[in-house]
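In this text, residue positions in the sequence shown follow my numbering: the first is 413, and each later residue adds one.
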Amino acid sequence: MHIPILLDIVVIIGLATAVSLICQKLKIPSIVGFLITGAIAGPSGFSLVSAVHEVETMAEIGVILLLFSIGLEFSLKHLLQIRKAVLLGGFLQVVLTTAVTAVIMQQLGFKSNAAIFAGFLVALSSTAIVLNQLQKQAAMDAPHGRVSLAILIFQDIIIVPMMIFTPFLAGQESIDLVSLAVLLLKIILLLLLIFAGSRWLIPLLFFRVARTQNREMFIMAIVFTVFAIAWLTATIGLSLALGAFMAGLMISESEYSHDAVSHILPFRDIFISFFFVSVGMLLNSAVIISHWPLILGAIGLIVLVKFLIAGSATIILGFPGRIAVLVGLSLAQIGEFSFILAKSGYDSGLLSSLHYQVFLAITVLMMILTPFMISSGKYADKIVKFMPLTKKMREGRVKEVDEVKTLNNHIIIIGFGVIGRNVAHAAQSAHLPYVIMEMNPETVQREKHNGEPIYFGDASYPQVLHTLGTEKAKVLVVAISDIAATRRIVFLSKLTNPELMVIARARFQSEIEPLQELGADQVIAEEFEASIEIFSRVLDHYSIDINFIQALDNEVRNKGYQQLRQQRVNWPAIEALKLSDSEVRLVKPAENCMLINKSLKEVNFRQTYKLNLLAIRRNDKLISNPGAEQIILPEDNLIVFGHPQDIVRLESEIQ
């Protein structure tokens, strides 16, 4: 059985892999590699692809999944927070770009209607490429990421009135006010549906599906939601991409958003590559060769105009000059929806065949340049210095700090059974930040209502771990019973953050060593701990001396855990020393901390940390009441007395 599209897929993926490898060697963004792949395989290249329409369909799916994943990272609350940027920033960018472009085109001899239409084309930026790059840079939550997204949302909405207005510019028909009113009504109804869905329908649907513990059903529910909402927006004349973004917003309001991301990412990355390849196929090398001075000049002028206008809109919103530069660089290209609008203008007679081909060449080349322009944002501070801005414009009214409140040095708890609950309770009691990931939807729903920072998701997926802030976490506790998932979580978390302290739960002692080999710093085996607890209680029942029991406990643990026990120090007398608002705790300084090889007098221990140093345990020796000249060595353990919060501060600074 011959399937033409299958051969095209093989050609595209194979060629894209080869080109991407070369781009990787040359440190060129992968998007550029995909665009080059399209140019090579397209009609103006070697014509390696015959099923162009099918490739474009897969490309559309890629854009849908990309915008859906972007929506998942946002929420309706976040969207409301950037409503000013959407309405004012987007309006200013589109209107000013259209007006300036129209004036320039009129000066070049184009008629007013064609000049305005050219303004429409230039005003739109590439939602797919910009958001893809910002997502790769983890900049979606950064101020410039939010402003860029806000303006792109406005552009995706304004494309519909532009499409309606195009035949009027061509003189084919008058503006139908009734159609505009009906469109506005449809948009309002769609927004009401999305609001209701995010509050009631989506949480109920995903709660029912997640409770079945059926992964296939969960994925089907996600796919159904994204394509159903995308289809609804398309039926009222809006873009599929905008509908997909709305679908992502709906699910982002629920506790299932993290898990949804992990399942969509593999599909998104595959299909979005087809989008970039399909764009590359539009490149006509003959047009570029014959009109290269015009094309290069137009690219330079468009980049300058869009950079200045998008940057100016950002400054008007109150953001500092550095953010304005980043937004300007991000939006200084022509977008994929301009292809659709240009085709409509070509069919209406607003664009000649030559102008249409030149426009396609300009747009594709600008898309190729976009990753480089966004990457040049690292020089934003230097660029701002050369811009004629007042001090107020440079600093802005909206400060960059506290724009994104992320956890830092926090505890990640995987699983909210007995172990997870106790860890969370301990963290809460010690005023330590923590976040929980749980696979039981009923538990998530109940504990979310109780105020716990808990989310539904499978932590064995890299994206889920990323959303929990693994890169900035201090401790990760794997408290689930699934040993296969535990192994994967340990491996991925250490791969992401080698400095992360990973404590894993295991059922049997035989599972300790494999988990340690994967990177676990400590492994607690239920079988082993239960055996120690049992013999301790047996000996206690026979009234055996508690010190003997503790010594035997230590001996068994040292033999059983071996390397693990090197990081654990036992001091039986400490737990007995408790006061109402103070406590005694044993603290192990890190080998490279500021206290090592310094005397207590040098570090001014008591005044600095507001704690009393009762003793120093050095190997098997106890140095009680250490003097001011006592040197702290790498092998020392400090026995301190004081307020719990002061002890926690000491631990955070020296461990």
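All C-beta atoms in this analysis are idealised placements derived from N, C-alpha and C, irrespective of residue type, glycine included. In this text, all values refer to a predicted model and were calculated from it rather than measured experimentally.
{"Asked": "Inter-residue spacing [alpha-carbon to alpha-carbon] between E748 and I826", "Found": "41 Å"}
{"Asked": "Inter-residue spacing [alpha-carbon to alpha-carbon] between F480 and V902", "Found": "29 Å"}
{"Asked": "As assigned by DSSP and simplified to three states, the class of Y1021", "Found": "helix"}
{"Asked": "Which of helix, strand or coil DSSP assigns to K1000", "Found": "coil"}
{"Asked": "Minimum C-alpha distance to G740 - residue among I752, S750, S724", "Found": "S724"}
{"Asked": "Helix, strand or coil at D420 according to DSSP, with G and I counted as helix", "Found": "helix"}
{"Asked": "Beta carbon of A642 nearer than 8 Å to that of A659", "Found": "yes"}
{"Asked": "Neighbour-count burial assignment, V770, 16 or more Cβ in a 10 Å radius", "Found": "buried"}
{"Asked": "S681 vs R734 beta-carbon contact at 8 Å", "Found": "The sequence shown places Asp at residue 681, rather than the Ser named in the question. Going by C-beta atoms, D681 is not nearer than 8 Å to R734."}
{"Asked": "Strand pairing of F1053, partner residues [DSSP]", "Found": "V996, N1024"}
{"Asked": "Every unbroken alpha helix (DSSP H) inside the stretch 658-695 [4 residues or more]", "Found": "669-692"}
{"Asked": "Q545 versus N1049: straight-line alpha-carbon distance, rounded", "Found": "48 Å"}
{"Asked": "Cutoff 6 Å; reference V856; Cβ partners in own chain excluding five residues on either side", "Found": "E667, E850, I866, F868"}
{"Asked": "Whole-number beta carbon distance between A656 and I476, since they are thought to touch under 8 Å", "Found": "4 Å"}
{"Asked": "Proximity to E854 [Cα-Cα], best of R623, A932, M693", "Found": "R623"}
{"Asked": "L654 to D568 span [Cα, whole Å]", "Found": "6 Å"}
{"Asked": "Pairwise C-alpha distance: I600 and F529", "Found": "27 Å"}
{"Asked": "Three-state class that DSSP yields for Q934 in the structure shown", "Found": "strand"}
{"Asked": "Cutoff 7 Å; reference I417; Cβ partners in own chain excluding five residues on either side", "Found": "A463, E466"}
{"Asked": "Under 8 Å between C-beta atoms of L602 and T539", "Found": "no"}
{"Asked": "In DSSP terms, what F868 is bridged to", "Found": "E850"}
{"Asked": "For D965, three-class secondary structure by DSSP", "Found": "helix"}
{"Asked": "Test item: CB-CB of M575 and S750 under 8 Å", "Found": "no"}
{"Asked": "Buried or exposed (CB count within 10 angstroms, at least 16 for buried), Q1057", "Found": "exposed"}
{"Asked": "Residue(s) in a DSSP beta bridge with I482", "Found": "Looking at the DSSP assignment, I482 forms no beta bridge with any residue, so it has no partner."}
{"Asked": "DSSP-derived helix/strand/coil call for M913", "Found": "strand"}
{"Asked": "Buried or exposed by the 16-neighbour rule on C-beta atoms within 10 Å, applied to R997", "Found": "buried"}
{"Asked": "Residue(s) in a DSSP beta bridge with I541", "Found": "None, per the DSSP bridge assignment."}
{"Asked": "Identity of the residues DSSP links to V515 by a beta bridge", "Found": "Beta-bridge pairing links V515 to no other residue."}
{"Asked": "D1032, DSSP secondary structure in three states", "Found": "coil"}
{"Asked": "At least 3 beta-carbon pairs within less than 8 Å: the stretch 437-444 vs the stretch 772-786", "Found": "yes"}
{"Asked": "Local Cβ density within 10 Å of A1027, reported as buried at 16 or more and exposed below that", "Found": "buried"}
{"Asked": "Segment contact flag, the stretch 444-464 with the stretch 506-523, C-beta cutoff 8 Å, min 3 pairs", "Found": "no"}
{"Asked": "Outcome for Q975 when other beta-carbon atoms lying within 10 angstroms are tallied against a minimum of 16", "Found": "For Q975, the pLDDT reaches just 41, beneath the cut-off of 50, and the residue's location in the model is therefore unreliable, leaving the point undetermined."}
{"Asked": "CA-to-CA distance, L500 to Q729, given in whole angstroms", "Found": "Sequence inspection shows Leu at residue 729; the Gln mentioned does not correspond to that position. Rounded to the nearest angstrom, the two C-alpha atoms are 8 Å apart."}
{"Asked": "Meets three-Cβ-pair contact criterion under 8 Å: the stretch 926-942 and the stretch 905-918", "Found": "yes"}
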